[in-house]
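J.: Here it is, the structure in full.
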C-alpha cells in the first residue's frame with residue numbers, strides 16, 4: 001500500500017476528517033503518512049459537507065451618480081400598508097446610497113415602477129442609469145423589462161441564486177459614505193430637519209370650512225409627509241379620514257402611546273357614571289336585636305400528630 005492510498009484510506013477510516021486534522025495526527029506520531037499534499041478530492045465529503053464559498057474583500061463603490069443602481073422587491077407583508085399595498089420595491093444609488101421606495105399591490109408592477117423611477121431621477125440629475133443590479137426574481141426577468149433595458153442602454157446585472165450578499169446594498173441599505181448623508185451627495189446641499197415631527201403626535205389642525213360658532217381646529221394625529229406638496233398628512237379620528245394640511249400646531253409631549261394612555265386615564269377618572277348604566281344597588285338592611293357575628297381572634301395551631309410545630 002503506497003502513501004497516496006494510505007492517506008485516502010485513513011481519511012475514510014477516521015470519518016472523513018479534514019487534511020489539517022490528519023496532519024496533526026502525523027505530527028504527533030499517531031499516524032505514519034509521508035505525503036498529504038496529493039490527497040485526492042473526496043466525493044463523499046463534497047456530497048455531505050459542501051458549503052458556500054466565502055465572500056472576501058470589499059466591492060468598489062460606483063464613481064458617479066446612477067452608475068449603478070440596486071433594486072429589490074420585498075413582500076408580501078403580513079400587514080399591508082394603507083391602501084392595500086402588500087409589496088414595495090426599492091431603488092438605491094450605489095454612489096450616494098440615496099434611495100426611493102414605491103408601494104405595489106402586485107410584484108408584476110416592478111417594471112412600471114422602474115420606468116417611473118428612471119424618468120424622475122433622469123430629470124433631477126440630468127444623468128442616465130448605467131447599470132441595474134437585482135436578484136433573479138421573475139419580476140426582473142420578464143421580456144419587456146429586459147427589452148426596455150437594452151433599448152435604453154442600461155446594463156442588467158443579476159446576482160447568482162442564493163447570494164443576497166452580492167445585492168447587499170438593496171438588501172440592507174445600512175452603509176454610509178464618509179460623514180456625508182445620502183441627501184447631501186444627491187442634492188449637493190445638507191438636508192434640513194426643521195420640518196420633522198414626532199410620528200403620531202397630536203396636533204390641532206385648522207378646519208377649512210365650518211360655521212361661525214364651530215371650533216376652528218380639530219385634534220388630529222400626524223402620520224406622514226406628503227411628497228408632492230408642502231405640509232403633513234394628518235389622521236382625524238373623529239371623522240376617520242386622512243388629509244394634507246400645513247396649518248397645524250403640534251403638541252409634541254412624548255410618545256403617542258403615552259398621550260393616548262393619559263387621555264384614557266382622564267376619561268376613566270372623570271367620576272361621571274356612564275349614560276346607559278344598568279348597575280343596581282341593594283339597600284342596606286338593619287336588623288334590631290340580632291347580634292353581629294365577629295371573627296375569632298384565637299390563634300390556630302397545627303396538631304402535634306403532624307410531626308412539626310408552627
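Residue numbers (the UniProt record's numbering): 1 to 310.
Built from N, CA and C at the ideal position, the CB exists for glycine as well.
Values in this document were obtained by computation on a predicted structure and should not be read as measured data.
1. Return the chain-ordered ranges of every beta strand (DSSP E) run that is complete within the region 185–251 and spans a minimum of 3 residues.
2. By Cβ distance, which residues of its chain are closer than 8 Å to residue 85, with the 5 residues on each side in sequence left out?
3. Can you name the residues that DSSP bridges to residue 10?
4. Take residue 69 and list the residues in its own chain whose beta-carbon comes closer than 8 Å to its own, dropping the five residues that flank it on each side.
5. Compare the C-alpha of residue 43 against each of 16, 214, 63 and name the closest.
6. Under the DSSP definition of a beta bridge, which residues are partnered with residue 74?
7. Can you tell me where the beta strand (DSSP E) with residue 110 in it begins and where it stops?
8. If you drop the 5 nearest sequence neighbours on each side, which residues of the same chain put their C-beta closer than 7 Å to that of residue 144?
9. Pull up the DSSP beta-bridge partners for residue 133, would you.
10. Can you check DSSP and say which residues form a bridge with residue 100?
11. Suppose contacts are defined by Cβ-Cβ distances below 8 Å. Is residue 313 in contact with residue 155 by that definition?
12. Of all the options 79, 200, 80, which has the alpha carbon lying nearest to the alpha carbon of residue 322?
13. Looking only at C-alpha atoms, which of 7, 63, 40 sits nearest to residue 34?
14. Taking just the CA atoms, how far does residue 233 sit from residue 312?
15. Take residue 247 as the anchor and find which of 241, 216, 253, 49 has the nearest alpha-carbon.
16. In angstroms with no decimal places, state the Cα-to-Cα distance between residue 206 and residue 150.
17. By Cβ distance, which residues of its chain are closer than 6 Å to residue 265, with the 5 residues on each side in sequence left out?
18. Nearest-angstrom Cα distance between residue 96 and residue 41?
19. Give the single residue among 78, 87, 299, 123 whose Cα lies nearest to the Cα of residue 186.
20. Answer with buried or exposed for residue 218, where buried requires no fewer than 16 other C-beta atoms within 10 angstroms of its C-beta.
21. Closest Cβ-Cβ distance between residue 235 and chain D: below 8 Å?
22. What separation, rounded to the nearest whole angstrom, lies between the Cα atoms of residue 89 and residue 45?
23. How would you label residue 203, buried or exposed, when you count the other beta carbons within 10 angstroms and need 16 or more for buried?
24. Please work out which residues of its chain come closer than 7 Å, Cβ to Cβ, to residue 235, disregarding the five sequence neighbours upstream and downstream, and give them in chain order.
25. Between the C-alpha atoms of residue 252 and residue 196, what's the straight-line distance to the nearest angstrom?
26. Check the DSSP bridge columns for residue 60 and list the partner residues they point to.
27. Quick check: what's the CA-CA separation for residue 109 versus residue 160?
28. Label residue 113 either buried or exposed according to how many other C-beta atoms from any shown protein chain fall within 10 Å of its C-beta, with 16 as the threshold for buried.
29. Can you say whether residue 38 is buried or exposed, counting buried as having 16 or more other CB atoms within 10 angstroms of its CB?
T.: Short version:
1. Secondary structure in the region 185–251: the beta strand (DSSP E) runs of 3 residues or longer, each lying completely within the stretch, are 202–206, 217–224, 232–236, 241–245, 248–250 in chain order.
2. Short of 8 Å from the beta carbon of residue 85, and not among the five residues preceding or following it, lie these beta carbons of its own chain, in chain order: 103, 104, 105.
3. Beta-bridge analysis with DSSP links residue 10 to no other residue.
4. 91, 92, 93, 94, 129, 131, 132, 133.
5. 16 is the residue among 16, 214, 63 whose C-alpha sits nearest the C-alpha of residue 43.
6. Beta bridge pairing from DSSP links residue 74 with 88.
7. Residue 110 -> not in any beta strand (DSSP E); alpha helix (DSSP H) instead, spanning 110–125.
8. Closer than 7 Å at Cβ, skipping near neighbours: 111.
9. Residue 133 has 70, 157 as its beta-bridge partners, per DSSP.
10. By DSSP's assignment, residue 100 forms a beta bridge with 91.
11. Nothing can be reported for residue 313: it is not among the residues displayed for the chain, which extend from 1 to 310.
12. The question about residue 322 has no answer here: the residues shown for the chain are numbered 1 through 310.
13. By alpha-carbon distance to residue 34, the top candidate from 7, 63, 40 is 7.
14. The shown model of the chain, from 1 to 310, leaves out residue 312, and the question about it has no answer.
15. The shortest Cα separation from residue 247 among 241, 216, 253, 49 belongs to 216.
16. Looking at the backbone, the Cα of residue 206 and that of residue 150 are separated by about 51 Å.
17. Only weak support exists for where residue 265 lies, its pLDDT of 35 falling under 50; the coordinates are left without a value.
18. Cα to Cα, the separation comes out at about 45 Å.
19. By alpha-carbon distance to residue 186, the top candidate from 78, 87, 299, 123 is 123.
20. Note on residue 218: 16 or more other CB atoms within 10 angstroms of its CB, so buried under the neighbour-count rule.
21. Going by chain labels, chain D is absent from the structure shown, which holds only one protein chain.
22. Distance between the alpha carbons of residue 89 and residue 45: 40 Å.
23. Buried is the call here.
24. Answer for residue 235: 220, 221, 223, 242, listed in chain order.
25. Rounded to whole angstroms, the separation of the alpha carbons of residue 196 and residue 252 is 11 Å.
26. For residue 60, DSSP records no beta bridge to any residue.
27. Roughly 23 Å separates the two Cα atoms.
28. The residue is buried, with at least 16 neighbouring Cβ atoms inside 10 Å.
29. Looking at its Cβ environment, which holds fewer than 16 other Cβ atoms inside 10 Å, residue 38 is exposed.
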